[in-house]
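Peer 1:
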Amino acid sequence: MGMISTSSALTAATKPLLTAKAATKAGKAPAWPLTVARKLGSEDAVEVLTRQHRQIKIGFLRAALPGPLRRRNFERLMRLLAVHEAAEEAHVHPVARRALQHGRELAARRRHEEKQAKQLLVALWHTGPNGRGYLRRLNEARRAVARHAAREEREEFAALRTALSAPRLRMLGAEVKLTQAYAPTRPHRWVNNEAANKLAAPVLGPFDRARDALRHRVAS
Ligand SMILES: [Fe+2]
Ligand SMILES: [Fe+2]
1 MGMISTSSAL
11 TAATKPLLTA
21 KAATKAGKAP
31 AWPLTVARKL
41 GSEDAVEVLT
51 RQHRQIKIGF
61 LRAALPGPLR
71 RRNFERLMRL
81 LAVHEAAEEA
91 HVHPVARRAL
101 QHGRELAARR
111 RHEEKQAKQL
121 LVALWHTGPN
131 GRGYLRRLNE
141 ARRAVARHAA
151 REEREEFAAL
161 RTALSAPRLR
171 MLGAEVKLTQ
181 AYAPTRPHRW
191 VNNEAANKLA
201 APVLGPFDRA
211 RDALRHRVAS
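Residue numbering for the sequence shown follows UniProt numbering, beginning at 1 and increasing consecutively.
This is how it looks when you write it as structure tokens:
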């Protein structure tokens with residue numbers, strides 16, 4: 001996944017993003033400054049999320065490979081999953097809940113699946129790539145995540161594409177991408193809804209990233 005690595009992406013984008021949100025609330029298409037559009041791209045939320053689903057699918061296959069790269073592939077997969085689910089739980093499902101017919105039930109079903117998948121991912125995280133039962137746990141998590149992703153694409157993303165305007169979908173895509181800059185990088189069992197994600201991200205995100213940096217420094 002192409003991570004937004006510079007903090008300038010946040011500072012440059014947050015203010016215009018708020019302006020864009022206000023414009024959308026007022027019923028106008030948000031005016032995107034060129035610099036922000038360049039940094040965040042022009043993908044809409046469905047494009048970003050389905051691309052991430054493909055990356056996660058490949059990530060599971062790579063994390064199963066034996067050899068010296070297994071730990072790196074495992075950590076990349078955990079990060080991909082944590083950031084992706086954080087974006088969906090904090091931004092995408094809340095929009096689906098409000099904008100779609102039967103959105104409340106649909107979002108509740110997705111959150112339930114995410115909660116179950118997160119339990120498997122937490123167990124997988126604690127097992128680690130060298131732990132006993134790693135491949136079995138990895139496969140369990142892969143199946144749960146694949147089922148969940150297929151339902152999201154079929155039921156939620158398709159409906160969002162019909163219900164939201166193109167500018168609103170692009171703005172949601174930018175929100176999803178921005179999450180990469182600050183979300184937690186590993187699964188946390190109790191962070192599984194909009195409020196928990198929004199409250200946890202400023203604390204757990206930097207904490208996880210500091211732990212990642214420390215571990216990489218020790219490993220190198
Ligand atoms: Fe999800
Ligand atoms: Fe997803």
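Positions of the beta carbon are idealized from the N, C-alpha and C atoms, including for glycine.
1. Decide yes or no for the touch test of the segment 93-109 against the segment 157-165: beta carbon pairs closer than 8 angstroms, at least 3 of them.
2. Compute the distance between the beta-carbons of Phe74 and Arg142, then report whether it is under 7 angstroms.
3. CB-CB under 7 angstroms to Val122, same chain, minus the five flanking residues each way: which ones, in chain order?
4. Is the separation between the beta-carbon of Leu178 and that of Ala45 shorter than 7 angstroms?
5. Between which residues of its own chain and Arg76 is the CB-CB distance below 7 angstroms, once the five residues before and five after are set aside?
6. Would you please state the rounded distance, in angstroms, between the beta carbons of Leu135 and Ala64? I believe it to be under 8 angstroms.
7. Quick check on DSSP: helix, strand or coil for Leu160?
8. Helix, strand or coil for residue 264? Go by DSSP, reduced to three states.
9. Using only alpha-carbon positions, find the residue among Leu124, Glu85, Gly133 and Thr127 that is nearest to Lys115.
10. At a threshold of 6 angstroms, does Glu105 count as lining ligand 1 (C-beta to nearest heavy atom)?
11. Express the C-alpha separation of Arg54 and Asn130 in angstroms, rounding to a whole number.
12. What three-state label does DSSP hand Arg186 in the structure shown?
13. Out of Glu89, His112, Arg62 and Val95, which has the shortest C-alpha to C-alpha gap to Ala183?
14. Given a cut-off of 7 angstroms, decide if Thr127 and Arg111 are closer than it, judged by their beta-carbon atoms.
15. For ligand 2, enumerate in chain order all residues having a CB closer than 6 angstroms to any of its heavy atoms.
16. Look at the alpha carbon of Arg71 and the alpha carbon of Ala108, and state the distance between them as a whole number of angstroms.
17. Can you determine whether any heavy atom of ligand 1 sits closer than 6 angstroms to the C-beta of Glu114, and answer yes or no?
18. Just to confirm, is the Cβ distance from Ala117 to Val145 under 7 angstroms?
19. Here's the rule: buried if 16 or more other CB atoms are within 10 angstroms of the residue's CB, otherwise exposed. What is Leu80?
20. Is it buried or exposed for Ala87, if we count other Cβ within 10 angstroms and need 16 for buried?
Peer 2: Considering the structure as presented:
1. yes
2. no
3. Pro187 and Arg189
4. no
5. Gly59
6. 6 angstroms
7. helix
8. Nothing about residue 264 can be read from this structure; the chain reaches only from 1 to 220.
9. Glu85
10. no
11. 25 angstroms
12. coil
13. Glu89
14. no
15. Leu49, His53, His84, Glu88, Ala149 and Glu152
16. 33 angstroms
17. yes
18. yes
19. buried
20. buried
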